[in-house]
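Take a look at the structure set out below.
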Amino acid sequence: MRFMADAATEILPIVIAPARILKTKTRRVGPADAAAVGALLPRMFATMYHAPGIGLAAPQVGVDLAVTVIDLMPDDKPNPIALINPEIVAASAELAAREEGCLSLPGQYAEVTRPARVKVRYEDPSGARHEIEAEGLLAACLQHEIDHLNGILFVDHLSALKRNIILRRLAKERRQNPATPLSAGASAGGAGTREKALTGRV
Ligand SMILES: [Zn+2]
577 MRFMADAATE ILPIVIAPAR ILKTKTRRVG PADAAAVGAL LPRMFATMYH
627 APGIGLAAPQ VGVDLAVTVI DLMPDDKPNP IALINPEIVA ASAELAAREE
677 GCLSLPGQYA EVTRPARVKV RYEDPSGARH EIEAEGLLAA CLQHEIDHLN
727 GILFVDHLSA LKRNIILRRL AKERRQNPAT PLSAGASAGG AGTREKALTG
777 RV
């Protein structure tokens, strides 16, 4: 099953931190969500490729469902993976540190330490169950995206000091460059709402 979006596929606005939905655990996808997920996935892939990014979780486009998409583009070739209800079922004791960024914290990067290898169980869009074992970039990406589904951002793995430096820097950059839409939800709120959203603590 391929999810390559065509040019007509809608690009969704990406929610920027701080935002309540980025701090909220998502709902598991059930059979009643099949149509919504079917409509969401091509848009999520299109939004991720457009950003560009290598992973995107549903809360980042304002959707409260346990859905994430990943494409590491190995050898510069598309390799889209859609993961429904993914969960980490095993993680190595060995840790690995890697610089991470996030489409919801644009321009911000920090080294994050996580288990070097993970085993992830998930469903594909047809409902079939899969298990993958990952290391390296894929392991970090899977953990980053599954974190999103649990309301956790990569900065939550840092010390409070480092986290606050990054969040303040992001807020300052957003104030200085208000041309970029904050998010679909906040853009309708006017200057006061946006200021509040930007200075609110995550
Ligand atoms: Zn992210």
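Add 576 to a position in the sequence shown, counting from 1, and you land on the number used in our numbering. All C-beta atoms, glycine included, are put in the ideal place defined by N, C-alpha and C. Owing to the predicted nature of the structure, the values given are computational and were not obtained by experimental measurement.
Give me the Cα-Cα distance between R751 and A595, rounded to the nearest whole angstrom.
Spanning the two alpha carbons is a distance of roughly 16 angstroms.
Look at the alpha carbon of R690 and the alpha carbon of I657, and state the distance between them as a whole number of angstroms.
Taking the straight line joining both Cα atoms gives about 21 angstroms.
Using a 10 Å radius around the Cβ and a threshold of 16 neighbouring Cβ atoms, would you call M620 buried or exposed?
That one is buried.
My output table needs one value for L758: the three-state DSSP class, helix, strand or coil.
Note that L758 scores a pLDDT of 47, beneath 50, so its modelled location is shaky and nothing firm can be said.
Check whether the Cβ atoms of L718 and V696 sit closer than 7 angstroms, and answer yes or no.
Yes; because the gap between Cβ atoms is below 7 angstroms, this pair is in contact.
Given a cut-off of 7 angstroms on the beta-carbon distance, is the pair A642 and T602 in contact?
It is a contact, given that the beta carbons lie within the stated cut-off.
Can you tell me whether L588 is buried or exposed, with buried defined as 16 or more other CB within 10 angstroms of its CB?
With 16 or more other Cβ atoms within 10 Å, it is buried.
Alpha carbon of R739 to alpha carbon of A747, nearest angstrom:
Taking the Cα positions, R739 is about 12 angstroms away from A747.
When you compare only the Cα positions, how much space is there between D546 and A716?
Beyond the ends of the chain as shown, which are 577 and 778, falls residue 546; an answer cannot be given.
Compare the C-alpha of L616 against each of D652, A667, I592 and A634 and name the closest.
When each option's Cα is compared against that of L616, the closest is A634.
From the DSSP output, read off the bridge partner residues of G631.
Answer is I646, bridged to G631.
Taking DSSP as the reference, what is the three-state secondary structure of R604?
Three-state DSSP puts R604 in coil, outside helix and strand.
Continuous alpha helix (DSSP H) stretch holding R745: start and end
Looking at the DSSP string, the run of the alpha helix (DSSP H) that includes R745 is A736 to Q752.
Find out if the Cβ-Cβ distance for the pair L648, A686 is shorter than 7 angstroms.
Against a cut-off of 7 angstroms, the Cβ pair of A686 and L648 comes out as no contact.
Could you give the distance in angstroms between the alpha-carbon of R745 and the alpha-carbon of D609?
Rounded to whole angstroms, the gap between the alpha carbons of R745 and D609 is 37 angstroms.
How would you label A593, buried or exposed, when you count the other beta carbons within 10 angstroms and need 16 or more for buried?
Around the beta carbon of A593, 16 or more other beta carbons sit within 10 angstroms, so the residue counts as buried.
In this structure, how does DSSP classify K653 when only helix, strand and coil are distinguished?
Three-state DSSP puts K653 in coil, outside helix and strand.
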